[in-house]
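Read in order, the letters of the sequence shown correspond to residues 26 to 326 in the numbering used here. Even for Gly, the Cβ is constructed at its ideal location relative to N, Cα and C. All values derive from a computational prediction rather than experimental measurement.
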Amino acid sequence: MFKVLTLPESFDSRPLREALWAEKIGHQITLSQARPTEAASGDDAESHEGGQELWLADPEQLPRVIAMLERQSRGEPLRDASAGAATRGTASSQSLIALMHQTPLTWLVGLACCVTVLFQYALGQAAVFEWLAIVPFELVGSQHIAPEPLSVTLAGEWWRLWSPSLMHFGVLHLVFNLLWLWVFGRQIEAIDGGWRFALVVVLSGVAANLAQYATGSVLFGGLSGIDFAVIGYVFIAARRRPALGYQMQRSLMIFMLIYLVLCMTPLSSAIGLGAIANEAHLGGLLTGLLLGWLLPRRSAA
């Protein structure tokens with residue numbers, strides 16, 4: 026991230042953050058620390074008013090940001106719809122490359138899931154599941170038998186603690202999980218950095234899989250536990266560190282909680298939702314909320 030502008034402390038940054046996200050401009054806004062300066066007499070000290078610092082993932086986007094601020098100062102919409110329509114065709118490929126450069130781990134996780142699903146169709150689900158399930162097992166027909174204990178995984182096949190997150194039961198299952206990862210996971214990587222995003226993904230994936238395994242399940246998979254984790258993390262970060270630019274509506278969190286509770290009732294089967302890894306969802310959500318609260322606030326320096 027590159028610091029490009031300092032805005033007044035009283036500046037309402039929410040419209041700017043929303044416009045930048047809409048334009049796919051990676052950014053974050055932090056509160057600068059008030060710095061003491063010598064008073065006119067030279068004996069006392071006073072503090073300058075703190076401001077808001079705007080950071081961009083790509084500093085070449087600064088002219089677009091300045092143009093937004095100028096339009097806002099004239100009382101016009103921050104986004105220039107006519108200019109955007111004229112240049113959309115040329116800029117689309119550039120913005121896609123910029124997004125991939127800005128959030129490579131988000132793309133990598135999504136690509137790994139897509140490749141895994143392709144292998145499921147090419148090699149058969151049984152072969153892929155036997156290698157990626159949380160514990161090794163033998164499969165006869167559509168029924169799994171003789172699953173090994175978790176100690177086998179812990180004795181050397183450590184990848185199995187996380188690898189069920191790559192498996193998906195159909196294309197729609199994959200698409201919906203990738204959608205939530207894209208909307209919320211990339212915010213974590215763009216704002217808090219790749220290392221923190223990776224930490225959330227790894228820890229929440231392991232926690233979700235262990236929570237589901239604790240119920241006696243062996244054949245389960247999907248990114249949904251991680252999705253609930255990134256949603257929980259962003260929800261906490263948007264309220265604990267609002268200046269950084271996290272976007273998360275309270276109503277969406279309420280909806281996800283209602284969905285989580287609904288899936289734990291017999292009504293989920295009655296409306297055709299099928300078997301759902303509820304414990305994985307809950308384990309992922311709690312992990313995301315915990316990490317969003319416990320991880321230290323990122324420094325602007």
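* To which residues does DSSP link His52 through a beta bridge? -> Along the sequence shown, one-based indexing puts residue 52 at 27. His52 pairs with Leu81.
* Apart from the five residues just before and just after Ser188, which ones in its own chain have a Cβ nearer than 7 angstroms to its Cβ? -> Stepping through the sequence shown from its first residue, residue 188 is reached at position 163. If we look at Ser188 and ignore the five residues flanking it on each side, its Cβ neighbours are Leu157.
* Asked: Going along the chain, which residues of its own chain have a beta-carbon closer than 8 angstroms to the beta-carbon of Ala239, five neighbours each way excluded?
  -> Numbered from its first residue, the sequence shown carries residue 239 at position 214. Result list for Ala239: Glu304, in chain order.
* Could you pull the start and end residues of the alpha helix (DSSP H) that Thr131 belongs to? => Position 106 of the sequence shown holds residue 131. Element bounds for Thr131: 129–148.
* Since Gly309 and Ala232 are thought to touch, with beta carbons under 8 angstroms apart, how far apart are those beta carbons, to the nearest angstrom? -> The residue you call residue 309 lines up with position 284 of the sequence shown. The residue you call residue 232 lines up with position 207 of the sequence shown. Yes, they are in contact, since the Cβ atoms of Gly309 and Ala232 sit about 7 angstroms apart, within 8 angstroms.
* Compare the beta carbon distance of Gly246 and His193 with 8 angstroms and say whether it is the shorter of the two. => Start at 1 with the first residue of the sequence shown, and residue 246 comes out as number 221. Start at 1 with the first residue of the sequence shown, and residue 193 comes out as number 168. Yes. Within cutoff.
* Asked: Exposed or buried, which one is Tyr258 when buried takes at least 16 other CB atoms within 10 Å?
  -> Residue numbering aside, residue 258 sits at position 233 when the sequence shown is read from its first letter. Buried, because 16 or more other Cβ atoms sit within 10 Å of the Cβ of Tyr258.
* Arg230 and Ile251 look like a contact to me (Cβ under 8 angstroms); what is the Cβ gap, rounded to whole Å? -> As a first step, residue 230 is located in the sequence shown; it is residue number 205 there, counting from the start. As a first step, residue 251 is located in the sequence shown; it is residue number 226 there, counting from the start. The identity of residue 230 in the sequence shown is Gly, whereas the question assumes Arg. Sure, about 5 angstroms apart at Cβ, within 8 angstroms.
* With distances taken from CA atoms, which of Trp183, Val142, Leu130, Gly51 is nearest Leu206? -> Taking the sequence shown and counting its residues from 1, the one referred to as residue 206 is at position 181. Checked all of Trp183, Val142, Leu130, Gly51; the closest Cα to Leu206 is Leu130.
* Can you tell me whether DSSP reads Gly257 as helix, strand or coil? -> Reading the sequence shown from its first residue, position 232 is the one you call residue 257. Helix at Gly257.
* Asked: Taking the Cβ atom as the reference point for each residue, do Glu78 and Thr31 lie within a distance shorter than 8 angstroms?
  -> As a position in the sequence shown, residue 78 is number 53, starting the count at 1. As a position in the sequence shown, residue 31 is number 6, starting the count at 1. In contact: Glu78 and Thr31 (Cβ atoms closer than 8 angstroms).
* **Span of the alpha helix (DSSP H), counted from its first residue to its last, around Leu175** => On the sequence shown, position 150 is the one that residue 175 refers to. Leu175 -> alpha helix (DSSP H) spans 175–179.
* Asked: When burial is assigned at 16 or more other CB atoms within 10 Å of the CB, is Ala64 buried or exposed?
  -> The sequence position of residue 64 within the sequence shown is 39, counting from 1. Its pLDDT being 44, under 50, Ala64 is placed unreliably in this model, and the coordinates cannot settle the point.
* To do: Please name the residue, chosen from Ala254, Thr178, Leu45, that lies closest to Leu81 on a Cα-to-Cα basis.
  => Mapped onto the sequence shown, residue 81 falls at position 56. It is Leu45.
* Taking Cβ positions, are Val255 and Gly181 nearer each other than 8 angstroms? -> As a working note, residue 255 is residue 230 in the sequence shown. As a working note, residue 181 is residue 156 in the sequence shown. For Val255 and Gly181, no; Cβs fall outside 8 angstroms.
* Asked: What is the rounded straight-line gap between the Cα of Ile283 and the Cα of Trp183?
  -> Here residue 283 corresponds to residue number 258 of the sequence shown, with the count starting at 1. Here residue 183 corresponds to residue number 158 of the sequence shown, with the count starting at 1. Cα to Cα, the separation comes out at about 34 angstroms.
* Asked: Buried or exposed: where does Gly100 fall if 16 or more other Cβ atoms within 10 Å of its Cβ makes it buried?
  -> Along the sequence shown, one-based indexing puts residue 100 at 75. Exposed.
* Same chain, Cβ closer than 7 angstroms to Ala110, five either side skipped, listed in chain order -> Here the question's residue 110 lines up with position 85 in the sequence shown. Residue confidence for Ala110 is low, a pLDDT of 48 falling below 50, so the modelled location carries little weight; the figure read from the coordinates is stated next. Excluding residues within five positions, none has a Cβ falling inside 7 angstroms.
* Can you tell me which of Asn202, Gln237, Glu155 puts its alpha carbon nearest to the alpha carbon of Ala302? => Taking the first residue of the sequence shown as 1, we reach residue 302 at position 277. Minimum Cα distance to Ala302 is reached at Gln237.
* Out of Gln97, Leu203, Ser176, point me to the one whose CA is closest to Val134's CA. => Walking along the sequence shown from the start, residue 134 turns up at place 109. Per the Cα distances, Leu203.
* C-beta contact flag for Leu191 and Thr141 at 8 angstroms -> Taking the sequence shown and counting its residues from 1, the one referred to as residue 191 is at position 166. Taking the sequence shown and counting its residues from 1, the one referred to as residue 141 is at position 116. Cβ distance < 8 angstroms, so Leu191 and Thr141 count as in contact.
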